[in-house]
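Undergrad:
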Amino acid sequence: MLVFGAAVVINRNPVASALSLVVSFLALAALFMSLDAYFIGIIQVLVYAGAIMVLFLFIIMLLDLRAEELRKINWIASAGGLAVALALLIQIFAVVGRLNVAKQTFPPLTRHVLSGVEGSTSDDVHRIGLLLFDNYNLPFQIIGVVILVATIGAVMLSRRETR
Amino acid sequence: MVTLGDYLIVSGILFAIGFAGVMVRRNVIIILMALELMLNAANLSLVAFSRFHVDLSGVPNYNAQVFVFFVITVAAAEVAVGLAIVVALFRLRQTTNIEDISTLKF
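These protein sequence lines are chains X and L, in that order. Quick note: to get my numbering, add 212 to the position in the first sequence (first position is 1). Quick note: to get my numbering, add 2 to the position in the second sequence (first position is 1).
#1: Taking 8 Å as the cut-off, decide whether the C-beta atoms of residue 230 of chain X and residue 83 of chain L are in contact.
#2: Can you give me the Cβ contacts of residue 256 of chain X inside the same chain, cut-off strictly under 7 Å, excluding the 5 residues immediately before and after it?
#3: Going by alpha carbons, who is nearest to residue 320 of chain X out of L:96, L:75, L:58, L:85?
#4: Looking only at its chain, what residues have a beta carbon closer than 7 Å to the beta carbon of residue 32 of chain L, apart from the 5 residues adjacent to it on each side?
#5: Could you tell me whether any Cβ in chain X is nearer than 8 Å to the Cβ of residue 5 of chain L?
#6: Using DSSP's beta-bridge definition, name the partner residues of residue 105 of chain L.
#7: Closer than 8 Å between beta carbons: that is the criterion. Which residues of the segment 220-242 of chain X meet it against chain L?
#8: At a CB distance below 7 Å, what residues from the segment 17-34 of chain L approach chain X? Give them in sequence order.
#9: Nearest chain L C-beta to residue 263 of chain X closer than 8 Å, yes or no?
#10: Using only alpha-carbon positions, find the residue among L:26, L:66, L:15, L:74 that is nearest to residue 290 of chain X.
#11: Please return the same chain residues whose Cβ sits closer than 8 Å to the Cβ of residue 95 of chain L, not counting the five positions on each side in sequence.
#12: First and last residue of the alpha helix (DSSP H) that includes residue 75 of chain L?
#13: With H, G and I counted as helix, E and B as strand and the rest as coil, what does DSSP make of residue 29 of chain L?
#14: Given a threshold of 16 other Cβ atoms within 10 Å of its Cβ, counted over all protein chains shown, does residue 67 of chain L qualify as buried or as exposed?
#15: Residue 98 of chain L by DSSP, collapsed to three states: which one?
#16: Residue range of the alpha helix (DSSP H) that residue 249 of chain X falls in?
#17: Report, in whole angstroms, the separation of the C-beta atoms of residue 233 of chain X and residue 35 of chain L, which I expect to be a contact under 8 Å.
#18: Is the CB of residue 257 of chain X under 8 Å away from at least one CB in chain L?
#19: Determine the closest residue to residue 56 of chain L out of X:260, X:258, X:276, X:247, with distance taken between C-alpha atoms.
#20: Buried or exposed: which applies to residue 292 of chain X, given that a residue is buried once 16 or more other Cβ atoms fall within 10 Å of its Cβ?
#21: Going along chain X in order, which residues have a C-beta closer than 9 Å to the C-beta of residue 63 of chain L?
#22: Determine the direct distance from the alpha carbon of residue 81 of chain L to that of residue 97 of chain L, and round the result to whole angstroms.
#23: Give, in chain order, every residue of the segment 78-92 of chain L whose Cβ lies closer than 7 Å to some Cβ of chain X.
#24: Tell me which same chain residues have a C-beta within less than 8 Å of the C-beta of residue 228 of chain X, skipping the five on either side of it?
#25: Can you tell me where the alpha helix (DSSP H) holding residue 353 of chain X begins and where it ends?
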């Protein structure tokens with residue numbers, strides 16, 4: 213996953229970059245499932261690897277980007293950006309290395325399945341749905357308004373000027 | 003055994019890759035992709051902590067997963083608007099390179 217994540221940044225060709233991002237997202241979904249978050253993993257595959265990446269690839273094809281190969285790299289700016297990112301990485305390593313919590317393994321799950329379906333071993337969707345519509349009802353409605361505003365904004369931005 | 007720290011390290015590396023991408027790359031579309039990488043790094047650490055905090059009845063803490071759900075939704079909306087802006091900009095200037103878009107630069 214990290215290799216393909218790095219490939220997103222390193223590749224000069226935007227299409228190759230987008231395809232590496234797809235593989236990176238799929239591997240991340242596998243990591244989510246290894247953490248027993250099946251619902252989040254499936255949402256990751258559907259929304260990111262499905263919808264968002266199709267959007268990216270569509271825009272790349274639409275704009276027909278090829279001019280970037282000719283441009284020479286601004287080495288000072290690149291070195292500065294890499295230095296800041298490295299400093300951030302070193303800080304993260306230091307913090308996680310000192311954290312005592314980080315050295316513990318994950319506790320085992322001893323859940324009894326909430327939904328009464330025979331033979332089901334996971335009830336992620338059930339529990340997340342309960343929480344979403346119960347405790348987080350207002351944020352859920354607000355997120356609906358956010359999506360509506362984003363849709364209207366995208367349509368307004370991408371229509372041609374007709375004065 | 004895999005510890006919580008392993009997932010946090012992977013999440014940190016992924017965030018650093020995304021951050022380096024935003025700083026180094028000059029193409030707006032690649033910058034948007036690197037932003038997605040950073041959001042996903044945050045999601046990974048949220049899910050890891052959710053799995054780590056198992057409560058008394060033996061289930062993970064689902065509050066974090068609901069939060070990840072919201073983050074994914076906002077990321078989708080953000081990408082839609084961002085790519086619409088890129089298309090509008092490309093129509094105006096015929097470029098997606100941020101060196102050529104310096105109208106707001108002081």
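In this text, a Cβ means the ideal position worked out from N, Cα and C, and glycines have one as well.
TA: On the basis of the coordinates in this document:
#1: no
#2: 237, 240, 241, 244
#3: L:58
#4: 23
#5: yes
#6: Note: residue 105 of chain L sits in no beta bridge, so no partner.
#7: 220, 221, 226, 229, 230, 233, 236, 237, 240
#8: 18, 19, 21, 22, 23, 25, 26, 27, 29, 31, 32
#9: yes
#10: L:26
#11: 102, 103
#12: 64-95
#13: strand
#14: buried
#15: coil
#16: Taken as a continuous stretch (DSSP letters only), residue 249 of chain X belongs to no alpha helix (DSSP H), as it is neither H nor E.
#17: 5 Å
#18: no
#19: X:247
#20: exposed
#21: Simply none; closest approach about 10 Å.
#22: 19 Å
#23: 78, 79, 81, 82, 83, 85, 86, 87, 88, 89, 90, 92
#24: 219
#25: 349-370
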